[in-house]
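*Asks:*
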Amino acid sequence: MKIHSILIVDDDENDQFICEYTIRKFDASIRVIKAFDGAEALDILHRETPDAIILDINMPVMNGFEFLDRYAEEFEVHAPVVAMLTSSHLGKDRERAMQYSFVKSYFEKPLQADHLRTMADLLGA
Amino acid sequence: MTLHWSWQKANVAASLWCIAVGVAMMALWLSQPVDLAERHPFLFGMKFNAALAFTVIGAALLLATRGFQHLPVLMMAPVFVYGVLALSQHLLGIDAGIDTLLHTPFVDIGTSLPGRIAPNTALCFMLMSLAVGLRAAQMKSSVVQVALGFATFIIAAAALIGYAIALDFAHDWIRFTRMSFQSASCFVALSIAIVFVGTEQTGYHRLTLAAVLGLLTYLILLAMSYYELARYEAAFGISFSTNSNDPRSTLSSLVLISGTLYGALIVHLYVSSRRARRMAADLAESRGQLGAIIDNAVDGIITIDERGTILSVNPACMRIFGYTPEEMTGRNIKMLMPEPYHSAHDGYLSNYHRTGEAKVIGIGREAEGRRKDGSIFALDLAIARLELAGGIIYSGIVRDISERKANEQALIEANAELEEFAYRTSHDLRSPIASSMGLLTISRDMLEDGELTALGQTLQRMEKNFSRLDHLIQNIITITRNRLMDEDDQAIALHALVSDAIEALSHLEDFKRIRIENHVPKELTIVSKPSKFQVIVGNMLSNAVKYHDPKEAAPAIDVRAFRYAGRMRLSVEDNGLGVPPASRHLLFKMFKRLHPNRSFGSGLGLYILRKSVEALGGTALYEARDKGSRFIIELPDGELP
């Protein structure tokens, strides 16, 4: 199924750039929304619910896990696909993230077209 | 001590007895009560000379007891000479003219010659005057004195007992001369004093001496009875037995058997008393050892009864709990426990008594104790149940493990920090590389598409990634070097150091825009480790520059330093971005970046600052200003090598 909008939550400007470029290249019609930490992301999610969220874990102010806790607690409607995107795999982090029902995938940086394809498949499922 | 004192009293008593008897007898002789002499002739058995001699001996012993040395010896000389002369009169059959030299008796009670003393009395005078003279001269007891006292005692005691059992030979060694009972009593008193006072120096035990004295006196008396019997048989030609058996052999057998029995009994008593004494000494020794072990133990040792009442505590408990032993004994053990143990302990005890199910007894575990000042600390507790003759008691060994616990906690924290460090570095080290890999793929696309302007920007991003990685690695090197480097304290001129640190930042963007002022007094110095100190000041300043507010019209940084309460207080304040209240608890923590949109730091800066300050024995603080931040470090002076 086609993805219409993706929220990228990452503090790193370069990673934001890579994500945006990769998404445009994958499907230029996808609307990209950017947040630089968890708090900013929550603000955006109060206004709209995107089809997918790409979430970094290590961020200042509010990290990925703190964001997931708040997102699970404060929201009744969640984005259909939430994918973690992180620079290193550590078993603990993956397990912890996958406990949230709306977390569907766990990717390692940098973001690639294959990752987006997986997310589109998940959205259709 | 008290026992010793009482034996000294025996000395005085013997002296006084001799003096009293002597003086009384002299008075009796001089007053010449003829009637009394006719009615009670035995009262006049002690001659005037003998009475005088006893008075002198008594006085001499008393003086010796009081510490006189020469006078008693001088007093004993004439008594000894008198004894020698009196004895030689009997042995040689001469008259030295001493019997009536001082006093002519007004009455004669049928003795050999008027005023002449018996040979055994004369011998005893010789022995006693010698013994008392030696005692005075040597100021202590000796083997010779004890031997003299022994001999005197046996002769005198035999005479005294002879009166009691009507054995004449015991006091009448030669017909018509007898040792009077007064003399015998005085000799017994004197010899007891000589034998038993001050035996500590000679090493004899009093009981042994007494037993041997008793045995010898008994044997002498037996021998005397035997001799007397033989004499009667010979004198009167009678035989005590009708058959042909010699009665003397029967008697001698009895003497031998009873003497042997008596002797064996005494030997047995002596041996068992010595064994008992040795056992008592061993027991006292081992009790003393055990007591010393308990008193000097590092661990607290407490005993309680079945109700929990404290029976005893050792000195270590005083150190551990802060109570004196008097404050603890007799009270319930609960006083040393914090809640919830305090309230639950009675329940534990009764539960244990009822079910016999032990939770701590015989097992040992970690628990908590409460000191007198109310503070609670971790302790190791081991309890044993002791079934004694007097009932059941419990002994507890208590070890203060608060220090060990604190070390454990510090170790756990250090380990957690290390784990966090490994996790964060693995993430932060890979993150610029992962990002660069993504950018590399994009660059290749751009190159293929001929988008050279965009490619240039992408390469710039990659460059930023690598400088970020380099910065992180430099920071990790700084942490490691700070941790490992061992440098000596030096006197540091603070103003110059701050000026150098400001100069070193001049390459930073925006440096020119910011007014940085060094208010540190020129003469101020601190004794500290220069490299660590440099890292600290550089860190504070670069933070202030990096996190200045771009919107601020006149960005400013002020560095101040002064001494306060023996410590150096250095502050760097700015009118920059400040730290949002919600993030302040993350300050000084590892890998925390507090300004997401300006996150070009590694997140290690303030962590390095705190670690360096702590390594110098100081503390790092943050104070929010109306606009901006104030970072403060407080450092003590180090020691110059």
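First to last, the protein sequences are chains P and U. If you read the first sequence in this note's numbering, its first letter stands for residue 1, the second for the next number, and so on. If you read the second sequence in this note's numbering, its first letter stands for residue 1001, the second for the next number, and so on. No residue lacks a Cβ here, since even glycine has one placed at the ideal position from N, Cα and C.
1) Cβ atoms of residue 1052 of chain U and residue 1075 of chain U: under 8 Å apart, would you say?
2) Residue 1442 of chain U touches chain P at which residues, Cβ-Cβ below 7 Å?
3) So, helix, strand or coil for residue 1562 of chain U, using DSSP?
4) Does DSSP classify residue 1314 of chain U as helix, strand or coil?
5) Work out the CA separation of residue 1300 of chain U and residue 1360 of chain U for me, nearest whole Å.
6) Name the DSSP bridge partner or partners of residue 1375 of chain U?
7) Going along the chain, which unbroken runs of the beta strand (DSSP E) with 3 or more residues stay wholly within the segment 1567-1592 of chain U?
8) Closest Cβ-Cβ distance between residue 1465 of chain U and chain P: below 8 Å?
9) Would you kindly report the start and end of the unbroken alpha helix (DSSP H) that includes residue 70 of chain P?
10) Along chain P, in chain order, which residues have C-beta atoms closer than 7 Å to that of residue 1430 of chain U?
11) Just the chain P side, please: which residues come within less than 7 Å of residue 1437 of chain U by C-beta, in chain order?
12) Can you check which of these residues, U/1363, U/1556, U/1572 and U/1554, is closest to residue 988 of chain U by C-alpha distance?
13) Taking the beta carbon of residue 1356 of chain U as the centre, do at least 16 other beta carbons fall within 10 Å, making it buried, or is it exposed?
14) Over the uninterrupted alpha helix (DSSP H) stretch that includes residue 22 of chain P, give me the two end residues.
15) Using CA atoms only, rank isn't needed, just tell me which of U/1102, U/1480, U/1469 and U/1014 is closest to residue 1194 of chain U.
16) Rounded to whole angstroms, what's the CA-CA distance from residue 1368 of chain U to residue 1317 of chain U? Just pull it up for me.
17) I want to see whether chain U comes within less than 8 Å of residue 114 of chain P, judged by CB atoms only; does it?
18) Closest to residue 51 of chain P by CA distance: which of P/83, P/16 and P/24 is it?
19) Taking Cβ positions, are residue 1330 of chain U and residue 1309 of chain U nearer each other than 8 Å?
20) Between U/1280, U/1277, U/1281 and U/1319, which lies nearest to residue 1297 of chain U when the distance is taken from Cα to Cα?
21) Please classify residue 1049 of chain U: does DSSP put it in a helix, a strand, or coil?
22) Have a look at the DSSP bridge pairing and note the partners of residue 1515 of chain U.
23) Please classify residue 1358 of chain U: does DSSP put it in a helix, a strand, or coil?
24) Per DSSP, residue 1381 of chain U forms a beta bridge with which residues?
25) So with CB distances below 9 Å, who are the chain U contacts of residue 103 of chain P?
26) Suppose contacts are defined by Cβ-Cβ distances below 8 Å. Is residue 1058 of chain U in contact with residue 1016 of chain U by that definition?
27) How would you call residue 1141 of chain U, buried or exposed, if buried means at least 16 neighbouring beta carbons within 10 angstroms?
28) Measuring only between beta-carbons, confirm whether residue 12 of chain P sits less than 8 Å from chain U.
29) Where does residue 1407 of chain U land, buried or exposed, given buried means 16+ other C-beta within 10 angstroms?
30) At a CB distance below 7 Å, what residues from the segment 1560-1589 of chain U approach chain P? Give them in sequence order.
31) In chain U, which residues lie with their C-beta within 9 Å of the C-beta of residue 15 of chain P?
32) Report yes or no: do three or more beta-carbon pairs, one from the segment 1180-1190 of chain U and one from the segment 1120-1128 of chain U, lie closer than 8 Å?
33) Would residue 1426 of chain U count as contacting chain P if we go by Cβ distances under 8 Å?
34) What's the gap between the Cα of residue 1604 of chain U and the Cα of residue 60 of chain P?
35) Find the nearest neighbour of residue 1135 of chain U within the set U/1160, U/1119, U/1168 and U/1072, judged by alpha-carbon distance.
36) Any beta carbon from chain P within less than 8 Å of residue 1610 of chain U's own beta carbon?
*Replies:* Taking the definition as stated:
1) Going by C-beta atoms, residue 1075 of chain U is not nearer than 8 Å to residue 1052 of chain U.
2) 18 and 21
3) Residue 1562 of chain U falls in the strand class under three-state DSSP.
4) coil
5) 17 Å
6) For residue 1375 of chain U, which the question treats as bridged, DSSP gives no partner whatsoever.
7) 1567-1574
8) yes
9) 64-74
10) The contact set of residue 1430 of chain U on chain P, defined by CB atoms closer than 7 Å, consists of 87 and 88 in chain order.
11) Simply 110.
12) The question about residue 988 of chain U has no answer here: the residues shown for chain U are numbered 1001 through 1641.
13) Residue 1356 of chain U counts as exposed, since fewer than 16 other beta carbons sit within 10 angstroms of its beta carbon.
14) 13-26
15) U/1014
16) 14 Å
17) no
18) P/83
19) yes
20) U/1319
21) Here residue 1049 of chain U sits in helix by DSSP.
22) DSSP lists U/1556 as the bridge partner or partners of residue 1515 of chain U.
23) coil
24) U/1365 and U/1398
25) Correct list: empty, because the minimum Cβ distance to chain U is about 18 Å.
26) yes
27) buried
28) So, interface residue.
29) exposed
30) 1583
31) Residues of chain U whose Cβ lies closer than 9 Å to the Cβ of residue 15 of chain P are, in chain order, 1431, 1434, 1435 and 1438.
32) Touching, yes, given that three or more Cβ pairs across the two stretches are closer than 8 Å.
33) Closer than 8 Å: yes.
34) Near 13 Å, if we compare the C-alpha coordinates of residue 60 of chain P and residue 1604 of chain U.
35) U/1072
36) no
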